[in-house]
Amino acid sequence: MATSLEPALFDSVEEGLKDVIDPELGVNIVDLGLIYDLTWDDENDALIISMTLTSAGCPLTDVIEEQTAQALDGIVERFRINWVWMPPWGPERITDDGRDMMRAIGFSI
Numbered sequence: 829m830a831t832s833l834e835p836a837l838f839d840s841v842e843e844g845l846k847d848v849i850d851p852e853l854g855v856n857i858v859d860l861g862l863i864y865d866l867t868w869d870d871e872n873d874a875l876i877i878s879m880t881l882t883s884a885g886c887p888l889t890d891v892i893e894e895q896t897a898q899a900l901d902g903i904v905e906r907f908r909i910n911w912v913w914m915p916p917w918g919p920e921r922i923t924d925d926g927r928d929m930m931r932a933i934g935f936s937i
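Going by the numbering used here, the first residue of the sequence shown is number 829, and it counts up by one from there.
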């Protein structure tokens, strides 16, 4: 059964995930709005990251999973990514910080 994260753990996980950079866009997955939900799997004692990608055909899921493992090292012992495709990602999910980052690397948002 999945439960909500305690606020301190949620903040630590979210901050750690800001180190995971989308390999195509060069902006972190949090500010791109790719994270849909963070919950805890009590049965398996693991973090569940419900997230999407900018496109369903992205061949770089293994890169993101590896970066996620590195980013969460020392924050949680186990995690699982639940890839979500509905609703599809759209640029409206990008945070203000993400928009600033994208403009800084040459995207017009």
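Just so you know, even glycine gets a beta-carbon here, dropped at the ideal spot from N, CA and C.
When K846, N910, D839 and S878 are compared against D925, the one with the closest alpha-carbon = K846
Using the C-alpha atoms, what's the distance from D928 back to G854?
-> 12 Å
If I863 sits next to R908, beta carbons under 8 Å apart, how far is it from one beta carbon to the other, in whole angstroms?
-> At roughly 14 Å, the Cβ-Cβ gap does not stay under 8 Å, so I863 and R908 are not in contact.
Over what stretch of residues does the alpha helix (DSSP H) that includes D839 continue unbroken?
-> P835 to L845
Top-ranked residue by Cα proximity to E834, from L900, I892 and W868 = Per the Cα distances, W868.
Starting from I877, trace the alpha helix (DSSP H) both ways and give me its first and last residue.
-> Per DSSP, I877 belongs to no alpha helix (DSSP H); it is in the beta strand (DSSP E), A874 to M879.
Quick one: what's W913 bridged to in DSSP?
-> Paired residue(s): none; W913 is not in a bridge.
What residue range is occupied by the uninterrupted alpha helix (DSSP H) comprising D928?
-> D924 to A932
Measuring alpha carbon to alpha carbon, tell me which of E905, L881, C886 and V891 ends up nearest R921.
-> L881
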